[in-house]
């Protein structure tokens, strides 16, 4: 299978709506959020008919318009006492307005206010849940890492807890629609959190950093300070770039008892370049003004994505980004806890570096329990981070955690068992 030039390695040959690889990739994520109330397929497909394939302006406009309509519907429902309608509308309003940001350049004057408005919708919606989502702020180096804590109820009993970390494109609120309700329905608690470089943290001067083992202990300190968290059943899960951040942190953080990555990235430079010997040269060409000006006209969507990565990594040029990524490595041999690697078949088949990385981690990890799951096209779980079948992803994650934590659950009684 050949990779189209307008796709990252995470793309796939299965198309939902758009010929532009990036647009279709994010459209698949938009539909995936419907599993946990972040979208409605009918709304998404209607918007798709109004977007010009590959045109960032129409992408931003149409998702924003839909999100604002849902926000207004939520406000009206709340005034009239329709709590559930308000909640559902606010959550979709967040997700649609957030989708618009994918193809709005971060340097745009309206970017930050749009992001703030979307987050306001998310918080308004989760405040209306039967068990409200708790906002948290993890102290770190004179500032805080934003997060949310989800729990099945207010009983206060100690439960297994999952720390959830996103990727290089995510905001912490996105993670709710990826895994939040699935965890809670199984009796798990979840701390959704942004590490440096994620979400809005670059606005606060916190770019991506290779030493994920530095911020993660602050996150673990925070979660273990809660009386309802069982320290013997604490796990961490990273998706996309989180497949680097979480395993790297685990190599220095023994308090985390199980690790999941979808998928693992032991060498970020190798992953982003897929071993292309021309990658460095091509990155330098992007800095040659006539070429850059041409690409910004003809490949606007891709250049917006590249600009967002420069912002998140705190660098000013593609060649500097690639140089920085050479420090983003971890040694799987230093992972001592149980390890689960998840990868969709599209990425496994089409990206030899990704496939080799999973096998390398599996072979090197010192974990007593290590597993690799390749989710096939036939099961619909072929997409990046298994987003094309979030139900299947949850089955793999929580069934595996149930089995890994079974001895601890037996020691502590049913309070820490999966109730799903």
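In this note's numbering, the protein residues as written are 22 to 441.
All C-beta atoms, glycine included, are put in the ideal place defined by N, C-alpha and C.
Please read all numbers here as calculations on a predicted model, not as lab measurements.
Asked                                                                                                                                                                      : Found
Going by DSSP, name the residue or residues bridged to residue 155.                                                                                                        : 170
Return the chain-ordered list of same chain residues with a C-beta closer than 7 Å to the C-beta of residue 50, the five sequence neighbours on each side being excluded.  : 408
Between residue 374 and residue 292, which are expected to be in contact by the criterion C-beta below 8 Å, what is the C-beta distance as a whole number of angstroms?    : 6 Å
Quick check: what's the CA-CA separation for residue 287 versus residue 406?                                                                                               : 16 Å
Take every Cβ of the segment 249 to 268, pair it with every Cβ of the segment 278 to 287, and state whether three or more of those distances are shorter than 8 Å.         : yes
Taking the straight line between their C-alpha atoms, what separation do you get for residue 132 and residue 414?                                                          : 32 Å
Thinking C-alpha only, which one of 212, 127 and 377 is nearest residue 244?                                                                                               : 212
First and last residue of the beta strand (DSSP E) that includes residue 186?                                                                                              : 180 to 186
Inspect the CB distances between the segment 156 to 166 and the segment 233 to 243 and report whether three or more fall short of 8 Å.                                     : yes
Where does residue 208 land, buried or exposed, given buried means 16+ other C-beta within 10 angstroms?                                                                   : buried
Count Cβ pairs between the segment 335 to 353 and the segment 289 to 307 that sit closer than 8 Å; are there 3 or more?                                                    : yes
For the structure I just gave you, are there three or more beta carbon pairs, one from the segment 99 to 111 and one from the segment 121 to 137, closer than 8 Å?         : no
To the nearest angstrom, how far is the alpha carbon of residue 367 from that of residue 60?                                                                               : 24 Å
At the level of alpha carbons, what is the spacing between residue 278 and residue 253?                                                                                    : 7 Å
Check residue 252 in the structure and name its three-state DSSP category.                                                                                                 : strand
Any idea what DSSP makes of residue 263, helix, strand or coil?                                                                                                            : helix
Three-state secondary structure (DSSP) at residue 298?                                                                                                                     : coil
Starting from residue 396, trace the beta strand (DSSP E) in both directions and tell me its first and last residue.                                                       : 391 to 396
On the CB-based measure, 16 or more other CB atoms within 10 Å of its CB, does residue 297 come out buried or exposed?                                                     : exposed
If I measure Cβ to Cβ from residue 424 and keep anything under 8 Å in the same chain, skipping five residues before and after, which residues do I get?                    : none
Assuming residue 210 is part of the beta strand (DSSP E), what are its boundary residues?                                                                                  : 210 to 214
For residue 22, collect the residues of the same chain with a Cβ closer than 6 Å to its Cβ; drop the 5 residues on either side in sequence, then sort them by chain order. : Unreliable placement is indicated for residue 22, whose pLDDT of 26 sits below 50; the coordinate value is still reported in the next sentence. These residues qualify, in order along the chain: 34 and 371.
Below 8 Å on the Cβ atoms is my contact criterion, and I expect residue 40 with residue 74 to pass it. Report the Cβ-Cβ distance as a whole number of Å.                   : 6 Å
Taking the beta carbon of residue 388 as the centre, do at least 16 other beta carbons fall within 10 Å, making it buried, or is it exposed?                               : buried
By the DSSP assignment, the alpha helix (DSSP H) with residue 122 in it spans what residues?                                                                               : Note, residue 122: premise wrong, no alpha helix (DSSP H); not H, not E.
Taking the alpha-carbon positions, what's the residue 420 to residue 427 distance?                                                                                         : 10 Å
Output needed for residue 410: all residues of its chain with C-beta closer than 6 Å, excluding positions within five of it in sequence on either side, in chain order.    : 401 and 402
Output yes or no for whether 8 Å exceeds the beta carbon distance between residue 98 and residue 115.                                                                      : no
Let's test the definition: count the other Cβ atoms within 10 Å of the Cβ of residue 476 and tell me whether it reaches 16, buried, or not, exposed.                       : Absent from the structure is residue 476, since the part of the chain shown begins at 22 and ends at 441.
Who pairs with residue 352 in a beta bridge, going by DSSP?                                                                                                                : Note: residue 352 sits in no beta bridge, so no partner.
Whole angstroms is fine: what's the gap from residue 322's alpha carbon to residue 190's?                                                                                  : 14 Å
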